[in-house]
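If you're matching them up, the sequences are chains A and B in order. Each residue of the first sequence is one higher than the last, beginning at 0 in numbering that gives the first Met the number 0. Each residue of the second sequence is one higher than the last, beginning at 0 in numbering that gives the first Met the number 0. The beta-carbon is built from N, C-alpha and C at its ideal position, and this holds for glycine as well.
There are 2 protein chains.
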Amino acid sequence: MKTFNAKVNVTLKKSVLDPQGQTVLEALHSLGYKGTENLRVGKYFEVTLNAQDENSAKTQLKEMCEKLLVNTVIEQYEVHLS
Amino acid sequence: MKTFNAKVNVTLKKSVLDPQGQTVLEALHSLGYKGTENLRVGKYFEVTLNAQDENSAKTQLKEMCEKLLVNTVIEQYEVHLS
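This is the structure we're talking about:
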């Protein structure tokens with residue numbers, strides 16, 4: 000068994016409105032950061048897991064995301080393994 | 000002016016308890032993912048910003064994080080620019 004560190008970023012799909020992100024963007028504009036154009040807010044998970052090998056870790060992470068961590072109807076995710 | 004895409008990951012500092020992460024971890028265990036050992040939940044921001052150069056973008060992002068996006072008393076952050 001090896002130990003892997005995974006970082007999972009979850010965001011709303013591009014086609015889904017993100018009012019929280021819009022609010023943060025407006026707050027940045029009102030603080031003077033006029034150069035910011037687009038901002039989306041999401042969730043972030045840092046997971047440590049034990050698995051036989053990298054492929055097994057990836058498979059487990061994909062399952063975990065699709066069963067629990069991500070609402071795949073409105074959200075998309077990216078996994079980075081190290 | 001150039002356009003930069005930044006990804007900002009915000010997590011609670013190691014020394015701060017993360018009851019939300021603990022709950023997600025227990026949920027994963029009860030779904031059968033016994034190999035997961037540690038899990039922390041955080042926030043994730045995807046920002047598009049215009050800046051003169053990479054250094055200026057980095058400086059602006061650092062300021063935005065410290066003024067608005069991150070509570071530096073209990074949270075830490077990582078910025079990835081591309």
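Quick one: what does DSSP say T58(A) is sitting in, helix, strand or coil? DSSP places T58(A) in helix when its eight states are reduced to three.
Comparing C-alpha positions only, which one of Y32(A), V23(A), E45(A) sits nearest to L80(A)? Closest in C-alpha terms to L80(A), from the list Y32(A), V23(A), E45(A), comes E45(A).
E36(A) CB to nearest chain B CB: under 7 Å? yes
Alpha carbons only, please: which of L68(A), I73(A), V40(A) is nearest the one belonging to Q24(A)? First, the amino acid is wrong: residue 24(A) is Leu here, not Gln. Comparing Cα-Cα distances from L24(A) to each of L68(A), I73(A), V40(A), the minimum goes to V40(A).
Who are the near neighbours of Y43(B) in its chain, counting only those whose CB is closer than 8 Å to its CB and skipping five residues on each side? K6, V7, N8, V9
Relative to chain A, which residues along the segment 36–61 of chain B have a C-beta separation below 7 Å, given in chain order? E36, N37, L38, R39, V40, G41, K42, Y43, F44, E45, V46, T47, L48, N49, A50, Q59
For the segment 62–80 of chain B, list every residue whose C-beta sits within 9 Å of some C-beta in chain A, in sequence order. Only E62, M63, K66, L67, L68 from the segment 62–80 of chain B bring a Cβ to less than 9 Å from some Cβ of chain A.
Short of 8 Å in beta carbon distance, which residues of its chain neighbour F3(B), apart from the five on each side in sequence? Order them along the chain. Excluding sequence neighbours, F3(B) sits near T47, L48, N49, A50, E53, A56, L80, S81.
Complete runs of the alpha helix (DSSP H) confined to the segment 3–56 of chain A [at least 4 residues]: Those alpha helix (DSSP H) runs which fall completely within the segment 3–56 of chain A and span 4+ residues are 18–29.
Measure the alpha-carbon distance for V69(B) versus Y32(B) and round it to whole angstroms. 31 Å
Check whether the Cβ of A26(B) lies closer than 7 Å to any Cβ atom in chain A. yes
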